[in-house]
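*Asks:* Going down the list, the sequences are from chains C and P.
For the first sequence, the numbering used here begins at 2 and goes up steadily by one.
For the second sequence, the numbering used here begins at 7 and goes up steadily by one.
Yeah, the Cβ is synthetic: ideal placement off N, Cα and C, and Gly gets one too.
The model shown is predicted, which means the values in this text are computed figures rather than measured ones.
The structure follows.
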Amino acid sequence: MPPDREAPTVVVDDVATRTRKVVPILPSSEEVALYEIRKTIHPRAVHGWFAAWRWALVFATQLVFYGLPWLTWNGRQAVLFDLGARKFFIFGAVFWPQDVIYLAVLLILSALSLFLVTAIAGRVWCGYACPQTVYTEIFLWIERKIEGDRLARVRLDAAPMSLEKFVIKGLKHTAWFVVALWTGYTFVGYFTPIRDLGVRAITWQLGGWESFWIVFYGLATYGNAGWLREQVCKYMCPYARFQSVMFDKDTLVITYDTARGEPRGGRSKSADRHAKGLGDCVDCGICVQVCPTGIDIRKGLQYECIGCAACIDGCDQVMDKMGYPRGLIRYTTQNALALGSTARQMWKRVFRTRTIVYGCVLVAIAGAAGASLALRNPLKVDILRDRGALAREGAPGRIENVYRVQIMNTDETPRKFTLLASGLPELAAVDLEQPIELGPAATRLFALRLQAPLEPANVAPPSPGPHKIELTVQAVDDARVVRHEQSTFIIPR
Amino acid sequence: MSDFMADGWGLYVAIATLLSIAACGLLLHMLGKMRVQRPKPGAQVETTGHVWDGDLAEYNNPLPRWWMWLFWLTIVFALAYLILYPGLGKAPGALGWTSAGAYASEVRTFDAKVEPLYAKYLAMDIKAVAADPEANAMGERLFLNYCAQCHGSDAGGSKGFPNLRDRDWLYGGEPSNIRETILNGRNGIMPAFGAALGSEGVRDVVAYVRSLSGLPSDNVRTQLGKPLFAQNCAACHGADGKGNQQIGAPNLTDRIWLYGSTEAAISETVTRGRGEASAVTRMPAHKDRLDEGKIQLLAAYVWSLSNAK
């Protein structure tokens, strides 16, 4: 660059402080591979308020995940997704393929909850409850127990292979594999009865697909939580990428208070930082060391940040030691930081158009889904007119039409049903044993013969051609369990 | 593909495929070795130059290296696939896999699974099979699949298609008769007598036929029809009109009418005959469509409709 020219500059918006700076473009650059070799991240153990919350959620979610398949309900597994029988059992409820709408509703509710939570507090799902975070936390804990904390791990990874290193690494991977395989076994246990699966696993009699899914899910857990970790969030997760559109200036994000922290620098605890012209940041680097995605939060909001708040816990401990107020890194909003809002003012902004709309839609759909579930009719009836024949003479002067009727008793109470046909004078079923008995969660398909007289007593004879008829199937013991199905009855010319 | 193309194209496609894969590999190899300048931390990051929505720019950052290994993996997968399966031009692939073969193998697997079940029922007497509730349920499902289109879901039949539950049999109702009917089909024909009898003669015969099963008929015509019946119809339907199961001639005295009992319907039957003009009225043979086990179960089910309980 010729000496008479000024260095090129660029205008940079500092998101955190809402200031605009002109910074020089430094000519310095480094040579890197086009495909960047990943730098292993060794997150340092962190304790504190937010870490405790994460562990609480780890326990809560994993207690549910590992525990649920072992519960029994009315003599069967409480939660079982029986793909072979095409029935999903969830405690007292049985879902049939016809109920797939509830799956859609569940997905919509999950998406809306995510929108709402993200608009209010950013990536809390990512930071506390996402399986990727949860299993990474569990695997990191095992790693820490076996290999030691950050420094020990950095040293171990740098050391050449030795018997000791081999044993330690071997131990870690064995422990990881045990957890991963148990996770795979639990996962498959949601689809095939888990106790039975366990017996067959011990006696080495697992089926091909069961073995495949146990190993596949286990390996996925091992690979994602043991090896890929933050790479999943950075390069694979679509949610990580699109949730930024749900952020606004009132969304809580983990932020370094630049105004308070800068200029950063080391000092002794007794030194007067104001006299030295230093900010509150002692530049200890703890916030970087604890970060599971390996970023420096002091550079502002970055897409890699999963919102786990490890840096907040780390920094608060340092602030405590230094005798400075906590919250140099804290959950705050862009607006609060720029306007200097109090916590109260900031929390009031939680209620804004976006969150209120998300919330109302969420409540409305949840309410509708809940009501629909509560009022769900356990009886399903399908009627299909025989296509082979239009009509026939059943008995002299009586026209007969044939139907296939399927009655499904979807819940687990055995029931008796009566069937009534209406729509034509003296229309009646013939040779049908009533009431029709159905076992728990059972289906019955049968041929139904309906007859109507050509010349009914006291009323005009039905005209030739198709007539709309209605089939009423009703439970004997419960008047609310009833279905009305339409079909056609043909009187020949 | 060989059905539609000259042989040379297979070679062309194979070469094009391999060259493309090789080119991908070469590109990957070069990019893997490539080194680029990246601004040091603190320096302004280079963007791709595209700007969306006025302020969204894309950083020009390196890709993770494990992505490159995934790309290599796809190349390995492609080559392995092309070796094992048909895909490289006209090469059949080392495994000899074909979609027809896969289908046949699935059918074989399934057949092997159900074979003992059918074998059990094939070894049993049809009447004994009919008494087995499991066999009966299987028979019902088979019936709904293969028979209900013509005979109805309830086996009640319709015009031209016999009712299978009324104890009236054109060709006999013993299990062996039913099995024979399903196996080889039936092809009963009522010849047309319109020309031979004349329209008056037809009316007389119809009156007589109706009288056989006690339907109201003109007395005079019934008397006139009797000798005509003996001359023209008795050969098949018997002198007493009770039919002949050897040739499937229906019993005319039992009030069961395959084509209807009205004068018009019977007159149509006599004048134009039944079954000559159209194959619809024939019972097709099923020996080439269904295997023995299924036919055994169907025969038992059909027999049970008018005999069991």
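What would DSSP say about Tyr65 of chain P, mapped onto helix, strand or coil?
*Replies:* Taking the first residue of the second sequence as 1, we reach residue 65 of chain P at position 59. The answer is strand: DSSP assigns Tyr65 of chain P an E or B state.
*Asks:* How do the region 126 to 135 of chain C and the region 232 to 246 of chain C stand: do at least 3 beta-carbon pairs fall below 8 angstroms, yes or no?
*Replies:* Yes, the region 126 to 135 of chain C touches the region 232 to 246 of chain C.
*Asks:* From what residue to what residue does the beta strand (DSSP E) around Arg405 of chain C run?
*Replies:* Taking the first sequence and counting its residues from 1, the one referred to as residue 405 of chain C is at position 404. Its beta strand (DSSP E) spans residues 399 to 410.
*Asks:* Cα-Cα, which of C:Gly440, C:Asp284, C:Arg355 is closest to Ile408 of chain C?
*Replies:* Counting from 1 along the first sequence, the entry for residue 408 of chain C is found at position 407. Of the candidates C:Gly440, C:Asp284, C:Arg355, the one whose C-alpha sits nearest the C-alpha of Ile408 of chain C is C:Gly440.
*Asks:* Evaluate Met40 of chain P with the Cβ neighbour count: other Cβ atoms within 10 Å of its Cβ, from every protein chain shown; 16 or more gives buried, anything less gives exposed.
*Replies:* As a first step, residue 40 of chain P is located in the second sequence; it is residue number 34 there, counting from the start. By the neighbour-count rule (16 or more Cβ atoms within 10 Å), Met40 of chain P is not buried but exposed.
*Asks:* Strictly under 8 angstroms for the Cβ-Cβ distance: is Met144 of chain P near chain C by that measure?
*Replies:* Residue 144 of chain P sits at position 138 when you count from the first residue of the second sequence. Not closer than 8 angstroms to any Cβ of chain C, the Cβ of Met144 of chain P fails to qualify, so no.
*Asks:* Return the Cβ separation of Pro293 of chain C and Glu231 of chain C in integer angstroms, given the expectation that the two are a contact with Cβ distance under 8 angstroms.
*Replies:* Reading the first sequence from its first residue, position 292 is the one you call residue 293 of chain C. Reading the first sequence from its first residue, position 230 is the one you call residue 231 of chain C. 6 angstroms between Cβ atoms; contact.
*Asks:* Which residue spans inside the region 201 to 282 of chain P form an unbroken alpha helix (DSSP H) run of at least 4?
*Replies:* You should have 225 to 238, 240 to 243, 269 to 278.
*Asks:* By DSSP's criteria, Val80 of chain C is part of a beta bridge. Which residues make up the other side?
*Replies:* As a first step, residue 80 of chain C is located in the first sequence; it is residue number 79 there, counting from the start. In the DSSP output, where bridge partners are listed per residue, Val80 of chain C has C:Ile91.
*Asks:* Expressed to the nearest angstrom, what Euclidean distance is found between the alpha-carbon atoms of Ile21 of chain P and Gln133 of chain C?
*Replies:* As a position in the second sequence, residue 21 of chain P is number 15, starting the count at 1. As a position in the first sequence, residue 133 of chain C is number 132, starting the count at 1. About 44 angstroms.
*Asks:* So which residues of chain C does Met6 of chain P contact, with C-beta pairs closer than 7 angstroms?
*Replies:* Nothing can be reported for residue 6 of chain P: it is not among the residues displayed for chain P, which extend from 7 to 315.
*Asks:* Comparing C-alpha positions only, which one of C:Met320, C:Ile330, C:Val319, C:Ile307 sits nearest to Ile313 of chain C?
*Replies:* Indexing the first sequence from 1 puts residue 313 of chain C at position 312. Out of C:Met320, C:Ile330, C:Val319, C:Ile307, C:Ile330 has the C-alpha closest to the C-alpha of Ile313 of chain C.
*Asks:* Against chain P, does Asp387 of chain C count as a neighbour if the rule is that its beta carbon must be under 8 angstroms from one of theirs?
*Replies:* By 1-based counting over the first sequence, the position of residue 387 of chain C is 386. Output row for Asp387 of chain C: interface = yes.
*Asks:* Please specify which runs of the alpha helix (DSSP H), each continuous and at least 4 residues long, are wholly inside the region 135 to 180 of chain P, giving them in chain order.
*Replies:* For the region 135 to 180 of chain P, whole alpha helix (DSSP H) runs of length 4 or above, ordered along the chain, are 139 to 152, 154 to 157.
*Asks:* Is Gln452 of chain C helix, strand or coil by DSSP?
*Replies:* Reading the first sequence from its first residue, position 451 is the one you call residue 452 of chain C. Looking at Gln452 of chain C - three-state DSSP - the assignment turns out to be strand.
*Asks:* Between Val382 of chain C and chain P, is the shortest Cβ-Cβ distance under 8 angstroms, so that the two count as touching?
*Replies:* Here residue 382 of chain C corresponds to residue number 381 of the first sequence, with the count starting at 1. Not one chain P Cβ lies under 8 angstroms of Val382 of chain C.
*Asks:* CB-CB under 7 angstroms to Gly280 of chain C, same chain, minus the five flanking residues each way: which ones, in chain order?
*Replies:* Here residue 280 of chain C refers to the residue found at position 279 of the first sequence. Arg261, Gly262, Glu263, Pro264, Arg265.
*Asks:* So is Met324 of chain P in contact with chain C if we call contact Cβ pairs under 8 angstroms?
*Replies:* Any question about residue 324 of chain P goes unanswered here, given that chain P covers just 7 to 315.
*Asks:* To which residues does DSSP link Tyr18 of chain P through a beta bridge?
*Replies:* Position 12 of the second sequence, counting from 1, holds the residue named residue 18 of chain P. Beta-bridge pairing links Tyr18 of chain P to no other residue.
*Asks:* Under a three-way DSSP split, which group does Trp97 of chain C fall into?
*Replies:* On the first sequence, residue 97 of chain C is found 96 positions in, with the first residue counted as 1. It is coil, neither helix nor strand.
*Asks:* Considering just the uninterrupted stretch of the beta strand (DSSP E) at Ala476 of chain C, what are its terminal residues?
*Replies:* Here residue 476 of chain C is taken as the residue at index 475 of the first sequence, counted from 1. Note, Ala476 of chain C: beta strand (DSSP E), 466 to 476.
*Asks:* Assuming the contact rule is C-beta atoms closer than 8 angstroms, Asn378 of chain C and Val482 of chain C should be a hit. Round their C-beta distance to whole Å, please.
*Replies:* Along the first sequence, read from residue 1 onward, the residue named residue 378 of chain C stands at position 377. Along the first sequence, read from residue 1 onward, the residue named residue 482 of chain C stands at position 481. So it is a contact: roughly 7 angstroms between Cβ atoms.
*Asks:* Three-state secondary structure (DSSP) at Met40 of chain P?
*Replies:* For the purposes of this step, residue 40 of chain P is taken as residue 34 along the second sequence, with counting starting at 1. Here Met40 of chain P sits in coil by DSSP.
*Asks:* Could you check how far apart the C-beta atoms of Tyr332 of chain C and Ile255 of chain C are, in whole angstroms? I think they sit under 8 angstroms.
*Replies:* Working through the first sequence from its first residue, we reach residue 332 of chain C at position 331. Working through the first sequence from its first residue, we reach residue 255 of chain C at position 254. Tyr332 of chain C to Ile255 of chain C, Cβ: 6 angstroms. Contact.
*Asks:* Work out the CA separation of Gly93 of chain C and Ala52 of chain C for me, nearest whole Å.
*Replies:* Residue 52 of chain C sits at position 51 when you count from the first residue of the first sequence. Residue 93 of chain C sits at position 92 when you count from the first residue of the first sequence. Going by the C-alpha atoms only, they are around 36 angstroms apart.
*Asks:* CB-CB under 6 angstroms to Ala63 of chain P, same chain, minus the five flanking residues each way: which ones, in chain order?
*Replies:* Taking the second sequence and counting its residues from 1, one reaches residue 63 of chain P at position 57. Within the same chain, Ala63 of chain P has close Cβ partners Thr53, Val57.
*Asks:* CA-CA distance, Asn142 of chain P and Gly299 of chain P?
*Replies:* Taking the first residue of the second sequence as position 1, residue 142 of chain P is located at position 136. Taking the first residue of the second sequence as position 1, residue 299 of chain P is located at position 293. Whole-angstrom Cα-Cα distance: 13 angstroms.
*Asks:* Using the Cα positions of Phe217 of chain C and Gly185 of chain C, report the straight-line distance between them to the nearest angstrom.
*Replies:* In the first sequence, counting from the first residue as 1, residue 217 of chain C sits at position 216. In the first sequence, counting from the first residue as 1, residue 185 of chain C sits at position 184. Answer to the nearest angstrom: the Cα atoms are 7 angstroms apart.
*Asks:* Going by the beta-carbon positions, is the gap between Asp412 of chain C and Ala443 of chain C smaller than 8 angstroms?
*Replies:* As a working mapping, residue 412 of chain C is identified with position 411 in the first sequence. As a working mapping, residue 443 of chain C is identified with position 442 in the first sequence. Taking 8 angstroms as the Cβ cut-off, Asp412 of chain C and Ala443 of chain C do not qualify as a contacting pair.
*Asks:* Please list, in chain order, all residues of the same chain as Val80 of chain C whose beta carbon is under 6 angstroms from its beta carbon, the five residues on each side excluded.
*Replies:* Your numbering for residue 80 of chain C matches position 79 in the first sequence. Answer for Val80 of chain C: Leu69, Ile91, listed in chain order.
*Asks:* I believe Ala120 of chain C touches Met247 of chain C by the beta-carbon criterion, under 8 angstroms. Please report the beta-carbon distance rounded to the nearest angstrom.
*Replies:* Locating residue 120 of chain C in the first sequence gives position 119, counting from the first residue. Locating residue 247 of chain C in the first sequence gives position 246, counting from the first residue. Right, the Cβ-Cβ distance comes to about 5 angstroms (below 8 angstroms), so this counts as a contact.
*Asks:* Can you tell me the Cα-Cα spacing of Trp71 of chain C and Thr187 of chain C, whole angstroms?
*Replies:* The count along the first sequence starts at 1 and reaches residue 71 of chain C at position 70. The count along the first sequence starts at 1 and reaches residue 187 of chain C at position 186. If you take the alpha carbons of Trp71 of chain C and Thr187 of chain C, they lie about 9 angstroms apart.
*Asks:* If we count the other Cβ atoms within 10 Å of its Cβ and call it buried at 16 or more, is Gln452 of chain C buried or exposed?
*Replies:* Taking the first sequence and counting its residues from 1, one reaches residue 452 of chain C at position 451. The residue in question, Gln452 of chain C, is buried, as its Cβ has 16 or more Cβ neighbours within 10 Å.
*Asks:* Taking only the alpha-carbon atoms, compute the straight-line gap between Asp5 of chain C and Thr354 of chain C and give it to the nearest angstrom.
*Replies:* Stepping through the first sequence from its first residue, residue 5 of chain C is reached at position 4. Stepping through the first sequence from its first residue, residue 354 of chain C is reached at position 353. Caution is warranted here: a pLDDT of 43 is assigned to Asp5 of chain C, below 50, making its placement in the model unreliable, and the coordinate value is therefore given only provisionally. Looking at the two C-alpha atoms, the distance is approximately 54 angstroms.
*Asks:* In the structure shown, what three-state DSSP assignment does Asp5 of chain C receive?
*Replies:* Reading the first sequence from its first residue, position 4 is the one you call residue 5 of chain C. With a pLDDT of only 43 at Asp5 of chain C, under the threshold of 50, the placement of this residue in the model should not be trusted; the figure read from the coordinates follows. Correct three-state label for Asp5 of chain C: coil.
*Asks:* State the beta-bridge partners of Gln487 of chain C as determined by DSSP.
*Replies:* The sequence position of residue 487 of chain C within the first sequence is 486, counting from 1. Looking at the DSSP assignment, Gln487 of chain C forms a beta bridge with C:Glu471.
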